[in-house]
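If you're matching positions, the sequence shown starts at 1453 in the working numbering and goes up one per residue. Even glycine gets a Cβ: it sits at the ideal position worked out from N, Cα and C.
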Amino acid sequence: MIPLKDLWIGESVLIRSSGKTGRFEGINKEGKARIRVENKILLVTSENLDIVPEKEHFPDIHDYLNEEKNVDKKITPLKITFDHTLDLHIDKLAPHMENELPARIMEFQLRKSDTFIRDAIDKKYPHITIIHGKGQGVLKEAIEHQLQQFHQIRFTFSKNGGGAVEVWL
């Protein structure tokens, strides 16, 4: 039996009864795990779940060697328009990272939100929104801690039923 509170959002799990694997998406009101399998949400008891060990990604040395060959090429900067909303759902932010370890995903999300906040301050935007999702609140708490480091801003989590934070710069 896996204590559901020990699972991370996005963690791979095996449903014993069906043999299917999916991603943990949180806990419903009845205390069952919400598991995403093939774009469907299944409600599963903790007794019916096993954690699937994540494969660690080790970069191939050839990737680095190829990068060195491309160093001499002239890089032209992209023109990027700044959107006032950042969606931190990993499937929207970086779909290629969906199978990464939850800790690595959260580190990436926090780096992106920090850059987003700093860019908004530099561009003197009066207001931004960061969508962190409802889940169990782990990312929400980390975003709150991150925002508290910026003394010049105010924020509230009242937007989107608690799944987003409004920030006034």
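Ordered along the chain, which non-local residues of its own chain (more than five positions away) have a Cβ less than 7 Å from that of residue i?
i       : result
Gly1615 : Ile1583, His1584, Gly1585 and Lys1586
Tyr1577 : His1536 and Leu1621
Pull up the distance between the alpha-carbon of residue i and that of residue j, whole angstroms please.
i       : j       : result
Trp1620 : Ile1467 : 43 Å
Gln1561 : Ile1542 : 8 Å
Lys1492 : Gln1604 : 42 Å
Ile1479 : Asp1566 : 28 Å
Grouping DSSP H, G and I as helix and E and B as strand, with all else coil, what is residue i?
i       : result
Thr1581 : strand
Leu1456 : helix
Ile1503 : strand
Glu1559 : helix
Lys1492 : strand
Thr1608 : strand
Arg1486 : strand
May I ask which residues mark the beginning and end of the alpha helix (DSSP H) holding residue i?
i       : result
Leu1545 : Ile1542 to Leu1545
Return the chain-ordered list of same chain residues with a C-beta closer than 8 Å to the C-beta of residue i, the five sequence neighbours on each side being excluded.
i       : result
Gly1613 : Lys1586
Phe1568 : Leu1538, Ile1580 and Ile1582
Ile1559 : One point to set straight first is that residue 1559 is Glu, not Ile, in the sequence displayed. Nothing listed; no residue qualifies.
Which residue marks the beginning of the beta strand (DSSP E) containing residue i, and which one marks its end?
i       : result
Leu1538 : Thr1537 to Asp1539
Ile1595 : Careful: Ile1595 lies outside any beta strand (DSSP E), inside the alpha helix (DSSP H) at Val1590 to Gln1600.
Thr1473 : Thr1473 to Ile1479
Ile1461 : First-last for Ile1461: undefined, no H or E at that position.
Glu1550 : From DSSP, Glu1550 is part of no beta strand (DSSP E); its letter is neither H nor E.
For residue i and chain D, any beta-carbon pair shorter than 7 Å?
i       : result
Pro1547 : Of the protein chains in the structure, only one exists, and it is not chain D.
Report all residues from its chain with a CB closer than 6 Å to the CB of residue i; omit the five preceding and five following residues, and keep chain order.
i       : result
Ser1498 : Met1453, Ile1454 and Leu1456
Glu1463 : Phe1476 and Pro1554
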